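> Shown below is the structure under consideration.
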Amino acid sequence: MGVMGSHPGTNYTMAVTFRAAAVQIAPSKARYAENLDRVAEAALKAQQAGADLVVFPEACTTGYFLEGGVGDVAVPADRLAADLAARLGRIEIDLVVGFYEIDDGNIYNAAAHIEFSGAGAKVLNVHRKFFLPTYGVFDEERFVSRGREVTAYDTRFGRFSMLICEDVWHSVTPMIAALKGATVIIAIAASPARGFSASVPTNVDTYHRLLRATAEEHGVFVINSMLVGFEGGKGFIGGSVVVNPLGEVIEEGPVGEEFMMIADIDMDLIDIARKKSPLLADLVSALEDVTREIDDVNEALCD
Amino acid sequence: MRLIDRREQFNIDSDEALRSDAELVARWLVAFLRDECIRKRKMSRAIVGLSGGVDSAVTTYLCARAFGPENTFVFRMPYKISSPASLDHAKLVVDDLGVIDRIIEITDMVDGYVLSAEKDAGETRIGNVCARCRMTILFDQSHKHGGLPIGTGNKTERLFGYFTWHADDAPPINPLGDLFKSQVYQLADYLGVPKEIIDKAPTADLIKNQTDEGDWGITIDKADRILVRLIDGWPSEKLVEMGFPTEDVENVRRKVGGTHWKRKLPTVAMLSDTAIGEYYLRPVDY
């Protein structure tokens, strides 16, 4: 378990705004209660290490590949919060947890940001996966509904957005998050390893490239948590990273192993990065034209 | 201005598309074996049919790493026409790893059926009976030792349908099934599989003087270089345009196209909207 105390690129001592933990966990298939026990255990361990925020991967309460079983284990966000609160007791900590959500009879691949305090558990936000991979090994849209929005929301640490897996493979989703004011993007994923021609699976490098690009383009922190373990022969990669707004990886988890990493987040870096590279401001400036271009494309596609 | 011709650049003898990092692959497969057997199934012993060929040798090396040699039970199961060299090569693996070894002759078992009931059975049929008898033994040994039978089939022979149905493909766990044969050789080199096994012509050893490449009508290297692209969506015509011989591409395409059924569970007549595997969908580890 690593704790970063200095910035690798500029070698100055950081002013810590908050301490984040990202957990790589291998859930037991469809065993919601057992997996929640492990999430709570890791959250308490992270708290002992001084973490204010703990991020858990996509589908960590059940495992990722569930097919029709997803209906057996999906829960409302409030129920997830209550079940975790029952395990955590009265502690002050924020958790982001990937889970299958049921709401109004619809099932979503979702992430919940839950704030725990003496007053109980409060669901700050739920993100429903916007892009559902339905190709190759993936079959999500057959079993879950698609989220319809990318939101940004306020936390005690700053303004956040959550994205899930394919959401960060498209540049448009982090772009919307940044435009809505997010300065921290939580990116959780369950990515089965593919490509063994180098020292790490190919998609580990792909994720790192995408997450670094997201952070650098928009001047945001990216806190990423990846599932590990095997499901039906498919091994999830791990290799989670925390990336600063300069696009630098400040903490990185191992590939394919359960692990908890801790990174100190200095939100002052957001201003520093955005002054140095004001791409987000440029985007805002050009937004009207960007929107018109997209409208034109949309119109052409609908013709 | 220089014209770049894709056909001039592409080398059909290059194995670039098949190169793998054997160290990473080995680490991943050992983790896979431990997770599937120990964590999920609570079984910490492996049962492997050790033929003397490279696939079962590599599987045994992986199992020895995953479970320890003391928990890796290998079975050499010769039939009366099996090559003595196969038995000797398997012994090299046993001696190198210190796994638990047993020889079980299957001649009486196979001939008990063939000589009493099917005297006219040809060598292909007898070969299939041998393969199924071996799997019967492995599953029984699984029960005896509390270990899981580990499959040894590679991706090339799976794609070619080059195995006995409900025999070689029967074990519930298979670490090599997504590796082309040439990638199995890369792994064998890394794991230190004895040179005698790596250097010899691969054979199912079900029929006298049988070799895989003889049965296939194409070398492993050539087959894999076509397969790796064909199943990635490259059209046959494109492969021919790139320089692969038409007859090789057609040979490979035909083998894959004619054996899809062999890579599936039996076809069940659907009568309801709760048909298992059609409507009622649950993953293998649910």
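Heads up: the protein sequence lines correspond to chains V and H, in order. With the working numbering, the residue at position 205 of the first sequence is 205, and numbering never jumps. With positions in the second sequence counted from 1, the corresponding number in the working numbering is that position plus 1000. Glycine is no exception: its CB is placed at the ideal position from the N, C-alpha and C atoms. Keep in mind it's a predicted model, so treat the numbers as computed, not measured.
1. Taking the alpha carbon of Val144(V) as the point to measure from, which residue in Val70(V), Leu80(V), Ala20(V) has its own alpha carbon closest?
2. Can you tell me whether Met162(V) is helix, strand or coil according to DSSP?
3. Does any residue of chain H bring its CB to less than 7 Å from the CB of Leu283(V)?
4. Taking the beta carbon of Arg1229(H) as the centre, do at least 16 other beta carbons fall within 10 Å, making it buried, or is it exposed?
5. Measuring alpha carbon to alpha carbon, tell me which of Asp1178(H), Arg1102(H), Gly1098(H) ends up nearest Gly1151(H).
6. Kindly indicate which residue of Lys180(V), Glu231(V), Phe236(V) has the alpha-carbon position closest to the one of Pro201(V).
7. Could you check the C-alpha separation between Asn11(V) and Gly253(V) for me, to the nearest Å?
8. Tyr100(V) and Ala74(V) - do their beta-carbons sit closer together than 7 Å?
9. Check the C-beta distance from Met1043(H) over to Gly1146(H) and give it rounded, since I have them as a contact under 8 Å.
10. Spatial neighbours of Leu1191(H) within its chain, please: CB distance less than 7 Å, with the 5 preceding and 5 following residues excluded, ordered by chain position.
11. What first and last residue would you give for the beta strand (DSSP E) that runs through Met261(V)?
12. If we define contact as Cβ-Cβ less than 7 Å, is Phe1163(H) a contact residue for chain V?
13. Could you tell me whether the Cβ atoms of Val249(V) and Val255(V) are closer together than 7 Å?
14. How is the alpha helix (DSSP H) around Tyr1061(H) delimited, first residue to last?
15. Does Glu67(V) have its Cβ less than 7 Å from a Cβ in chain H?
16. List, in chain order, every chain V residue whose beta-carbon is nearer than 8 Å to that of Asp1035(H).
17. Return the chain-ordered list of same chain residues with a C-beta closer than 8 Å to the C-beta of Gly125(V), the five sequence neighbours on each side being excluded.
18. Taking C-beta to C-beta, are Leu1159(H) and Val1249(H) nearer than 7 Å?
19. Roughly how many whole angstroms lie between the Cα atoms of Leu84(V) and Val23(V)?
20. So, does the region 31 to 47 of chain V touch the region 273 to 293 of chain V, judging by three or more C-beta pairs under 8 Å?
21. Hey, Val290(V) and Ile186(V): beta-carbon distance below 7 Å or not?
22. Using Cβ-Cβ distances below 7 Å, what residues of the region 1257 to 1284 of chain H are close to chain V?
23. Gly229(V) bridges to which residues according to DSSP?
24. Whole beta strand (DSSP E) runs in the region 32 to 78 of chain V with 3 or more residues, listed along the chain?
25. Pro76(V) and Ile188(V): beta carbons closer than 7 Å?
26. For the beta strand (DSSP E) that contains Val1094(H), what are its first and last residues?
27. Going by DSSP, what residues sit across from Leu1287(H) in a beta bridge?
28. Any C-beta of chain V sitting closer than 7 Å to the C-beta of Tyr1286(H)?
Working from what's here:
1. The shortest C-alpha separation from Val144(V) is found at Val70(V).
2. Look at Met162(V) here: in three-state DSSP terms it is strand.
3. Using a Cβ-Cβ cut-off of 7 Å, Leu283(V) does not count as an interface residue toward chain H, since no Cβ of chain H sits closer than that to its own.
4. Burial is judged here by how many other beta carbons sit within 10 angstroms of a residue's own beta carbon; Arg1229(H) has at least 16 and is buried.
5. Its Cα nearest to that of Gly1151(H), the residue Asp1178(H) stands out among Asp1178(H), Arg1102(H), Gly1098(H).
6. Among Lys180(V), Glu231(V), Phe236(V), the Cα nearest to that of Pro201(V) is on Phe236(V).
7. Confidence is the limiting factor: at Asn11(V) the pLDDT is only 46, short of 50, which leaves the residue's position unreliable, though a coordinate-based value still follows. Going from the Cα of Asn11(V) to the Cα of Gly253(V) covers about 21 Å.
8. Between Ala74(V) and Tyr100(V), the CB-CB gap stays under 7 Å.
9. Beta-carbon to beta-carbon, Met1043(H) and Gly1146(H) are separated by about 6 Å, close enough to satisfy the 8 Å threshold.
10. Closer than 7 Å at Cβ, skipping near neighbours: Ala1026, Val1058, Tyr1061.
11. 259 to 265 is the span of the beta strand (DSSP E), which, as asked, contains Met261(V).
12. The beta-carbon of Phe1163(H) is placed no less than 7 Å from the nearest beta-carbon of chain V.
13. Taking 7 Å as the cut-off, the Cβ atoms of Val249(V) and Val255(V) do not count as close.
14. Here the alpha helix (DSSP H) through Tyr1061(H) covers 1054 to 1067.
15. With 7 Å as the cut-off, Glu67(V) counts as an interface residue toward chain H.
16. Contacts between Asp1035(H) and chain V, judged by CB atoms closer than 8 Å, involve Ala26, Gly229, Phe230, Gly235 in chain order.
17. The residue asked about is misnamed: residue 125(V) is Asn in this sequence, not Gly. If you ignore the 5 residues before and after Asn125(V), its C-beta comes within less than 8 Å of the C-beta of Ala112, His113, Thr151, Tyr153, Phe160, Met162, all in its own chain and listed in chain order.
18. Pairing Leu1159(H) with Val1249(H) gives a Cβ-Cβ distance that is not under 7 Å.
19. Each residue's alpha carbon lies about 16 Å from the other.
20. Cβ pair count under 8 Å is below three, so no.
21. Cβ atoms of Val290(V) and Ile186(V): not closer than 7 Å.
22. Residues passing the 7 Å Cβ filter: Tyr1280, Leu1281, Arg1282, Pro1283, Val1284.
23. Note: Gly229(V) sits in a beta bridge opposite Phe236(V).
24. Fully enclosed beta strand (DSSP E) runs of 3 or longer: 53 to 55.
25. Taking 7 Å as the Cβ cut-off, Pro76(V) and Ile188(V) do not qualify as a contacting pair.
26. Segment 1084 to 1097 is the alpha helix (DSSP H) holding Val1094(H); no beta strand (DSSP E) there.
27. This structure cannot settle anything about residue 1287(H), because the visible part of chain H is limited to 1001 through 1286.
28. With 7 Å as the cut-off, Tyr1286(H) counts as an interface residue toward chain V.
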